Structures are given as structure tokens and as C-alpha cells.
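Below: one structure, written as C-alpha cells.
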Amino acid sequence: MVGKQMRKENRAKVKAMVEDFYTKNPKTAEFKGTAKEEAMKLYMALMKEDTGKEVTQKQADMVVENMARQCREVVIAPQKTNNNLLRKAEGELNAYSKVEKAKYSAKWNPVTNPRRAADREALRDQHEEAYYLENPGAARANKISESDAVAKSKEFFNNKHFFNDHYPDRPDLHGQSILDAASDEFISFHAISTTLPPEKKDKETFAWNTDKRQKERQSKGKKRLLPATETRRPVFPGIRAHDHFEAYEIYRDVVEANAVLVEHTTQKIFDHLPWGTVLWRRAGSGKKGSQIPGRVAYAYIVICVDPSKLPPPDSERIKKRQKPSPLED
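If you count the sequence shown from 1, position 301 lands on 301 in the numbering used here, and the numbers rise without skipping.
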């Protein structure tokens with residue numbers, strides 16, 4: 001994983017040079033000459049430093065040329081289009097542009113996503129069977145259905161004594177369930193799952209409001225800052241989530257996939273509520289979890305009972321908020 005991360009960092013540094021070129025030149029300009037040579041040299045040097053292997057001129061040229069296509073987003077040499085592809089006019093959007101990528105995704109995601117999901121499910125089943133072959137004495141994991149997960153989530157969120165027990169100084173919320181308070185938009189909250197034990201849960205339950213650009217990664221004895229393209233944007237910039245939010249356990253299980261399913265169904269139950277009350281972009285988009293028993297996994301709700309004290313959320317996160325996904329009853 002470290003090697004993969006290093007390759008991403010290397011590409012980000014080189015791409016920054018290409019982007020700088022196109023901020024100073026028109027989009028129709030061809031990326032060539034000294035600027036391209038310097039970008040290729042940087043890529044070759046970084047890959048040599050991190051992998052110990054030589055990158056050929058041809059390999060570096062291919063990487064840098066693809067970056068240039070991504071940055072300019074328009075066709076500049078239609079005569080070079082492969083014969084089996086549609087030839088566009090000069091100046092039209094190329095396949096690397098955001099508009100064309102969105103069209104491609106809209107067409108093919110409904111086809112490929114179910115296949116990939118089935119492949120992941122089959123791979124998890126293979127890992128599970130391999131685990132039981134190696135550990136014949138281990139008890140078989142009991143997987144819960146989505147309807148069971150919904151029932152367990154609602155059992156927690158329909159508790160009318162939650163605010164009485166945890167927020168005695170908020171009598172205005174006493175007698176309400178979390179479901180009631182959320183529907184009236186009196187709270188802001190996130191649903192999280194993690195395999196970290198309760199005493200270490202803060203590392204994961206508040207990670208959604210951290211800025212990974214401030215963190216370093218150790219590799220081969222060197223500290224490297226994560227590139228901006230590989231970072232998470234905090235939901236509420238400039239605050240520590242610990243100062244405004246509290247984490248409470250919803251559910252725990254020895255099967256991580258079950259805890260993750262409770263997290264996802266919790267998000268789906270509340271997904272119709274507006275951004276600001278719920279703080280996820282898309283319900284159920286996180287990892288699916290291992291089905292192999294062994295360590296306890298937890299589902300948490302991270303809640304703020306006074307949203308008026310929160311700063312305005314990051315505008316880019318709001319733009320990426322996706323439409324509610326259907327909940328299977």
C-alpha cells in the first residue's frame with residue numbers, strides 16, 4: 001500500500017507542473033519542449049528514488065502526455081485519433097474532460113458497478129471460507145439482513161430517554177427520540193463504523209472532520225506530506241469536532257460486516273433529511289467490512305445537539321451531496 005501511495009504522490013507532484021503550464025498558456029497549447037522534458041525528468045527521478053527501478057523515456061512520456069490531456073480537456077490534434085474511435089474537431093472536449101467523464105460514468109456505472117459488487121462479495125466469501133479452513137474450531141459468523149439492521153438502528157433512535165440520560169442540561173430535548181430531534185432539524189450527526197475499541201474510537205469517529213493535508217506519512221525513513229489530490233476535506237473547516245460532537249455506540253458485533261450494515265442502514269433511514277442535519281454525502285458508500293469473525297466492530301452516532309454553534313459547512317461538500325438511496329424494508 002505504501003508503494004501505491006508513493007506512486008500517487010509522485011504523479012501528483014508531476015501533474016502540478018503540468019497544471020502550472022496550462023495556467024500560463026491557453027488550453028489549446030501542446031505540452032512540449034522544456035516544460036515537458038522537466039516534467040518527465042521529475043517523474044523518472046521520483047520513481048527511481050521510491051522504487052529503485054528505472055522508468056524509460058517512453059513510459060514517462062506516456063504518463064506526462066495523459067496528464068496534459070487531463071489538464072487541457074480539449075482536442076488539439078484530431079488527426080492523431082485512432083481509426084476505431086470517433087474523431088472530434090479541434091477544440092472539442094476530449095475524453096479526459098469532466099463533462100465527457102460524467103457522460104461515460106452515467107452510461108457504464110449501472111453496468112459495471114453491480115458486476116464489481118458481485119466480484120467483491122464473491123472474494124469476501126472466499127476469504128471467509130479460507131479462514132474457516134485454517135480455523136476449523138471457529139464459530140460460524142451470523143450475518144444479519146438489512147431488515148434486521150434497520151430494526152437494530154430504529155431501536156436505538158426511537159429511545160425517548162436518550163437526551164434525558166445524556167444531556168440533562170437540555171430539557172428542551174427531553175422526551176424526544178433522536179429520530180424526533182433529527183426530523184425537526186434540532187441536531188447534526190454522522191454515522192460511523194470502526195473496529196477500534198471504545199477507548200480509541202475518537203481516532204475514527206471524528207476523522208470525517210479532519211484535514212489530511214496536514215498529516216505526514218512515513219516511507220523509507222522519509223516524511224512526506226500527502227498531496228492535495230489525496231486528501232479529505234473537513235466538513236466544518238476551522239473547528240475540532242471533539243469540541244462540538246459526542247460519539248455514542250449504536251451497535252457492536254464480532255462480524256465487521258454487520259456493524260457496517262447497521263451504519264449504512266442508519267444513514268439510509270435519515271438520508272431524506274437536509275445537509276447540515278446529516279453530514280454524509282451518500283448513504284452506504286463506505287467499506288463493506290470483513291465477514292470473518294475475530295475482532296469486535298462498532299457502529300456509532302456522532303452527534304451535535306447545538307448546530308447553531310457550528311460554522312458554515314464546506315461548500316464543495318454540499319455540492320457533492322448525493323440524492324437519497326432507497327432503503328429495502
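C-beta atoms are modelled at their ideal positions from N, C-alpha and C, and glycine is treated no differently. Values in this document were obtained by computation on a predicted structure and should not be read as measured data.
Distance from the Cα of Thr-195 is smallest, within the candidate group Thr-277, Val-296, Gly-33 and Asn-258, for Val-296. Here the region 267-278 does not lie against the region 160-172, with fewer than 3 beta-carbon pairs under 8 Å apart. Ranked by Cα distance from Phe-189, the first of Glu-128, His-242, Glu-30 and Val-63 is His-242. Boundaries of the beta strand (DSSP E) harbouring Ser-193: 188-194, taken from the DSSP string. The DSSP-derived three-state label of Glu-246 is strand. Partner residues in the beta bridge of Tyr-251, as assigned by DSSP, are Ala-299. Scanning its chain for C-beta atoms nearer than 7 Å, with the 5 sequence neighbours on each side dropped, one finds around Leu-46 the residues Asn-10 and Lys-13, in chain order. Taking the C-beta atoms as reference points, Glu-73 is found no nearer than 8 Å to Ser-105.
DSSP, reduced to helix, strand and coil, places Val-235 outside both helices and strands of the structure shown, so it counts as coil. Shown here, Trp-108 sits in a helix according to DSSP, grouped into three states. The Cβ neighbour count for Asn-258, taken over all protein chains shown within 10 Å, is at least 16; the residue is labelled buried.
In this structure, the beta-carbon distance from Ala-39 to Val-55 does not fall below 8 Å. Between Gly-91 and Thr-28, the CB-CB gap stays under 8 Å. Here Leu-93 is bridged, per DSSP, to Val-74. With respect to the 8 Å criterion, Leu-310 and Phe-206 are not classified as neighbours on the basis of their beta carbons. Spatial neighbours of Glu-204 in its own chain (CB-CB distance under 8 Å, excluding positions within 5 residues in sequence) are listed in chain order as Ile-192, Thr-194 and Leu-196. Secondary-structure assignment with DSSP links Trp-275 through a beta bridge to Val-278. Bounds of any alpha helix (DSSP H) do not take in Asn-158, whose DSSP letter is neither H nor E.
An exposed status is given to Asn-84, since fewer than 16 other beta-carbon atoms sit within 10 Å of its beta-carbon. For Phe-31, no alpha helix (DSSP H) segment is defined, and its DSSP state is neither H nor E. Three or more beta-carbon pairs separated by less than 8 Å are not found between the region 107-117 and the region 242-256, which leaves the two stretches without contact. A direct Cα-Cα distance of roughly 23 Å separates Gly-276 from Pro-171. For Phe-270, the enclosing alpha helix (DSSP H) has its first and last residue at 256-270. For the options Glu-128, Ala-151 and Gly-33, the alpha carbon positioned closest to that of Asn-142 is the one of Glu-128. Here Lys-15 is buried, its C-beta having at least 16 other C-beta atoms within 10 Å. In this structure Gln-267 is buried. Its beta-carbon is surrounded by 16 or more other beta-carbon atoms within 10 angstroms. Within a 10 Å sphere around the beta-carbon of Trp-208 sit 16 or more other beta-carbons, which makes this residue buried. Contact between Val-262 and Ala-299 is confirmed by a C-beta separation of about 4 Å, below the 8 Å threshold. Just measuring C-alpha positions, the residue of Lys-201, Asp-148 and Phe-186 sitting nearest Thr-265 is Asp-148. A buried status is given to His-244, since no fewer than 16 other beta-carbon atoms sit within 10 Å of its beta-carbon. Taking a contact as a CB-CB distance under 8 Å, the pair Pro-307 and Ile-187 counts as one, their CB atoms being some 7 Å apart.
For Ile-144, the CB contacts under 7 Å within the same chain, skipping 5 residues up- and downstream, are Asn-258 and Leu-261 in chain order. Membership of Thr-205 in the alpha helix (DSSP H) is indicated by the continuous run 202-205. The closest CA to that of Phe-162, considering only Ile-303, Met-17 and Val-18, is found on Ile-303.
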